[in-house]
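Colleague: Quick note, the working numbering runs 92 ahead of the 1-based positions in the sequence shown.
One structure coming up, written as structure tokens, with questions to follow.
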Amino acid sequence: MTRMQETVHGWTNAAPPPKLGRSAPYVPSRKKRGRRSIKPVNRPVFAMTDRAAPRKAALRPLPSSQPPVALPAAEAFQPGQFPQVRMRRNRRTDWLRAMVAEHKLSVSDLIWPVFVLDGSKAREAVPSMPGVDRLSIPALIDAVGHAGELGIPAVALFPVVPPALKSAQAEEAWRPDNLANRAIRALKDAVPHVGVICDVALDPYTSHGHDGLLEDDEILNDATLDVLVRQAQAQAEAGVDIVAPSDMMDGRIGRIRQALDARGFQNTAILAYAAKYASAFYGPFRDAVGSKTNLGSGDKRTYQMDPANGDEALRECALDVAEGADMLMVKPGMPYLDLVWRVKQAFSMPTFVYQVSGEYSMLMAAIERGWLDRDRVLVESLMGFKRAGADAILTYTAVEVAKRLKKG
Ligand code: PBG
């Protein structure tokens, strides 16, 4: 890489003219020798003084008729400050930047959320999520096989439940042969080396689109727990590796853990959507699973968290840890990076983050218009999560980013 030539105030870092004959050995001036003997760690300051021996990268006077800019004497330079310290030195080349990089995004950090479709159609585009398809079970098996070959460790399943199967009590949620459970079985059969995570929440199954049971405008916490437990159990029986309660009812982690253990599913892990906010960023997801029309103008603010709160998220996490969660999740991602950091710092638990549908769609909309550079912005958006402390990231970009990471 060639070094850019800089010319600043009559000084240049261009290569000095070639020297003729042998160059004289360097002899520190009396003053510098003196400084060195007192403070050996203080390297002598040469730069930008008129006594400085011109070296390759050091600034030296331009052959110019302009008088040189007056510079402070060497004594005025503070050790540990510019110009001895130049942060840009470590950013000079690709290899140097790679060597000093603090965080690394790798394919094993990526969890791919997928929408599962019933029926004969192989796949169906989700209009508000360009590049995302709902997949039938055979298409899902192919796609997850491919994701596994790329090194993606796990997928998270979200069923698209036909309206006829939705009901007020969400009975379909725990039917052993429902779409989610069939997808789990098919995947564990065909691609057993890829982890399968499944949402535990009632919203795909309720006629009103809420995550819990509804009575007179109220979401019933304790009655919902019974249904969530059955749902988690049915998923465990189907062979799911990780259940992921995303409903935000109180006490669900403990109840699910207890029920799974009682039935011999000690090894089924729980990924708690611990700090899940009542967010407008879930809009495209609700299109994708078809729960938007069911929910109508309803919102989830009596159970999902208020975006104004941060400390409360730590209480939510503390409870989920105490109840037996194996991993914690913060959701959405980018507007809640402070929580990713705080949760990781406070609990030292595996901390996951969900780059949700709205974040994905925002990026894609800007990429489609040519406003953002696809090659760079997807990886950068995920690197932010790593820097904040996330151990794994749920992202609709998982497959694309995995391919990009493989290319290097
Ligand atoms: C369902 C659930 C939602 C998401 C994951 N699980 C939506 C919601 O809570 O309304 C959102 C994911 C996304 O937006 O990508 N409980």
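Glycine included, every Cβ here is placed at the ideal spot set by N, Cα and C.
Quick caveat, the model's predicted, so the values are computed rather than measured.
Can you grab the Cα-Cα spacing for the pair residue 334 / residue 314, in whole Å?
Modeller: Here residue 334 refers to the residue found at position 242 of the sequence shown. Here residue 314 refers to the residue found at position 222 of the sequence shown. Each residue's alpha carbon lies about 23 Å from the other.
Colleague: At a cut-off of 7 Å, is residue 448 close to the ligand PBG when judged by its beta-carbon and the heavy atoms of the ligand?
Modeller: For the purposes of this step, residue 448 is identified with residue 356 of the sequence shown, where counting begins at 1. Residue 448 Cβ: within cutoff of the ligand PBG.
Colleague: Tell me which residue opens and which closes the beta strand (DSSP E) that residue 349 is part of.
Modeller: Residue 349 sits at position 257 when you count from the first residue of the sequence shown. Looking at the DSSP string, residue 349 is not in any beta strand (DSSP E); the run it does join, the alpha helix (DSSP H), is 344 to 354.
Colleague: Consult DSSP for residue 314 and reduce its assignment to one of helix, strand or coil.
Modeller: Reading the sequence shown from its first residue, position 222 is the one you call residue 314. Note: residue 314 maps to helix in three-state DSSP.
Colleague: Alpha helix (DSSP H) containing residue 191: first to last residue?
Modeller: Walking along the sequence shown from the start, residue 191 turns up at place 99. From DSSP, the alpha helix (DSSP H) with residue 191 extends over 186 to 192.
Colleague: Helix or strand or just coil, what does DSSP make of residue 363?
Modeller: Within the sequence shown, numbered from 1, the residue matching residue 363 stands at position 271. Strand.
Colleague: DSSP state of residue 204, grouped into three classes?
Modeller: If you number the sequence shown from 1, residue 204 lands on position 112. The answer is strand: DSSP assigns residue 204 an E or B state.
Colleague: Buried or exposed: residue 480, going by 16 or more other Cβ atoms within 10 Å of its Cβ?
Modeller: Indexing the sequence shown from 1 puts residue 480 at position 388. Flag for residue 480 reads buried.
Colleague: Excluding the five sequence neighbours on either side, which residues of its own chain have a C-beta within less than 7 Å of the C-beta of residue 189, listed in chain order?
Modeller: Taking the first residue of the sequence shown as position 1, residue 189 is located at position 97. Excluding sequence neighbours, residue 189 sits near 183.
Colleague: For a test of your reading of the model: does the CB of residue 379 fall under 7 Å from any non-hydrogen atom of the ligand PBG? Yes or no.
Modeller: Translated into the one-based positions of the sequence shown, residue 379 becomes position 287. Checking every heavy atom of the ligand PBG against the Cβ of residue 379, none is found closer than 7 Å.
Colleague: Along the chain, where does the beta strand (DSSP E) containing residue 241 start, and where does it finish?
Modeller: Reading the sequence shown from its first residue, position 149 is the one you call residue 241. Careful: residue 241 lies outside any beta strand (DSSP E), inside the alpha helix (DSSP H) at 229 to 242.
Colleague: First and last residue of the beta strand (DSSP E) that includes residue 444?
Modeller: Within the sequence shown, residue 444 is the residue found at index 352, counting from 1. Counting along the chain, the beta strand (DSSP E) containing residue 444 begins and ends at 443 to 447.
Colleague: Can you tell me whether residue 284 is buried or exposed, with buried defined as 16 or more other CB within 10 angstroms of its CB?
Modeller: Translated into positions along the sequence shown, residue 284 becomes position 192. Residue 284 should be labelled exposed.
Colleague: Taking the alpha helix (DSSP H) that residue 381 belongs to, which residues open and close that run?
Modeller: The residue given as residue 381 occupies position 289 in the sequence shown. Looking at the DSSP string, the run of the alpha helix (DSSP H) that includes residue 381 is 375 to 381.
Colleague: Using a Cβ-Cβ cutoff of less than 8 Å, which residues in the same chain neighbour residue 404 once the five nearest sequence positions on both sides are dropped?
Modeller: Here residue 404 corresponds to residue number 312 of the sequence shown, with the count starting at 1. Cβ neighbours of residue 404 beyond the five flanking positions: 397 and 398.
Colleague: Three or more C-beta pairs closer than 8 Å, one from the stretch 438 to 456 and one from the stretch 369 to 378: is that the case here?
Modeller: Yes, the stretch 438 to 456 is in contact with the stretch 369 to 378.
Colleague: Output the boundary residues of the alpha helix (DSSP H) element that contains residue 403.
Modeller: Taking the sequence shown and counting its residues from 1, the one referred to as residue 403 is at position 311. Its alpha helix (DSSP H) spans residues 403 to 415.
Colleague: From the DSSP output, which residues share a beta bridge with residue 219?
Modeller: Position 127 of the sequence shown, counted from the first residue, corresponds to residue 219. In the DSSP output, where bridge partners are listed per residue, residue 219 has none listed.
Colleague: Between the Cα of residue 255 and those of 165, 383 and 312, spot the shortest distance and give me the residue it belongs to.
Modeller: Position 163 of the sequence shown, counted from the start, is the residue given in the question as residue 255. Of the listed residues, the one whose Cα sits closest to residue 255 is 383.
Colleague: State the DSSP-derived secondary structure class of residue 253, mapped to helix, strand or coil.
Modeller: On the sequence shown, position 161 is the one that residue 253 refers to. Here residue 253 sits in coil by DSSP.
Colleague: Say whether the stretch 301 to 310 touches the stretch 351 to 358, bearing in mind that this needs 3 or more beta-carbon pairs closer than 8 Å, one atom from each stretch.
Modeller: No, they do not touch.
Colleague: Where residue 413 and residue 163 are concerned, what is the direct C-alpha to C-alpha distance, given to the nearest angstrom?
Modeller: Sequence index remark: in the sequence shown, residue 413 carries index 321 (1-based). Sequence index remark: in the sequence shown, residue 163 carries index 71 (1-based). Approximately 60 Å between the Cα atoms of the pair.
Colleague: By the three-class DSSP mapping on this structure, what secondary structure does residue 500 have?
Modeller: Reading the sequence shown from its first residue, position 408 is the one you call residue 500. Residue 500 falls in the coil class under three-state DSSP.
Colleague: Within 10 Å of its beta-carbon, does residue 198 have 16 or more other beta-carbons around it, so buried, or fewer, so exposed?
Modeller: Locating residue 198 in the sequence shown gives position 106, where the first residue counts as 1. Flag for residue 198 reads exposed.
Colleague: Among 172, 457, 270 and 248, which residue has its Cα nearest to the Cα of residue 258?
Modeller: Within the sequence shown, residue 258 is the residue found at index 166, counting from 1. The residue with the shortest Cα to Cα distance from residue 258 is 270.
Colleague: Could you tell me how far apart the beta carbons of residue 60 and residue 291 are, in whole angstroms, since I believe they sit closer than 8 Å?
Modeller: Shown here, the chain extends from 93 to 500; a query on residue 60 therefore has no answer.
Colleague: Please work out which residues of its chain come closer than 6 Å, Cβ to Cβ, to residue 328, disregarding the five sequence neighbours upstream and downstream, and give them in chain order.
Modeller: The residue labelled residue 328 in the question sits at position 236 within the sequence shown. Cβ within range, chain order: 352, 357 and 360.
Colleague: Assign residue 398 to one of three DSSP states: helix, strand, or coil.
Modeller: Mapped onto the sequence shown, residue 398 falls at position 306. Looking at residue 398 - three-state DSSP - the assignment turns out to be coil, as it is neither helix nor strand.
Colleague: Name the DSSP beta bridge partners of residue 421, please?
Modeller: Locating residue 421 in the sequence shown gives position 329, where the first residue counts as 1. Paired residue(s): 444.
Colleague: Contact between the stretch 211 to 221 and the stretch 171 to 186: three or more CB pairs below 8 Å?
Modeller: Touching, no, given that fewer than three Cβ pairs across the two stretches are closer than 8 Å.
Colleague: Can you give me the Cβ contacts of residue 368 inside the same chain, cut-off strictly under 6 Å, excluding the 5 residues immediately before and after it?
Modeller: As a working note, residue 368 is residue 276 in the sequence shown. 340, 396 and 423, listed in sequence order.
Colleague: Closer than 8 Å is the cut-off here; do at least three beta carbon pairs connect the stretch 242 to 251 with the stretch 464 to 481?
Modeller: Touching, no, given that fewer than three Cβ pairs across the two stretches are closer than 8 Å.
Colleague: Using the three-state DSSP reduction, which class does residue 452 fall into: helix, strand or coil?
Modeller: The count along the sequence shown starts at 1 and reaches residue 452 at position 360. In this structure, residue 452 counts as helix in the three-state DSSP scheme.
Colleague: Using a Cβ-Cβ cutoff of less than 7 Å, which residues in the same chain neighbour residue 394 once the five nearest sequence positions on both sides are dropped?
Modeller: Here residue 394 refers to the residue found at position 302 when the sequence shown is read from its first residue. Hits under 7 Å: 311.
Colleague: Note down the Cα distance separating residue 364 from residue 446, rounded to an integer number of angstroms.
Modeller: In the sequence shown, counting from the first residue as 1, residue 364 sits at position 272. In the sequence shown, counting from the first residue as 1, residue 446 sits at position 354. Taking the straight line from one Cα to the other gives about 12 Å.
Colleague: When the Cα atoms are used, what is the spatial distance from residue 200 to residue 260?
Modeller: In the sequence shown, residue 200 corresponds to position 108, counting from 1. In the sequence shown, residue 260 corresponds to position 168, counting from 1. So the two alpha carbons sit approximately 39 Å from each other.
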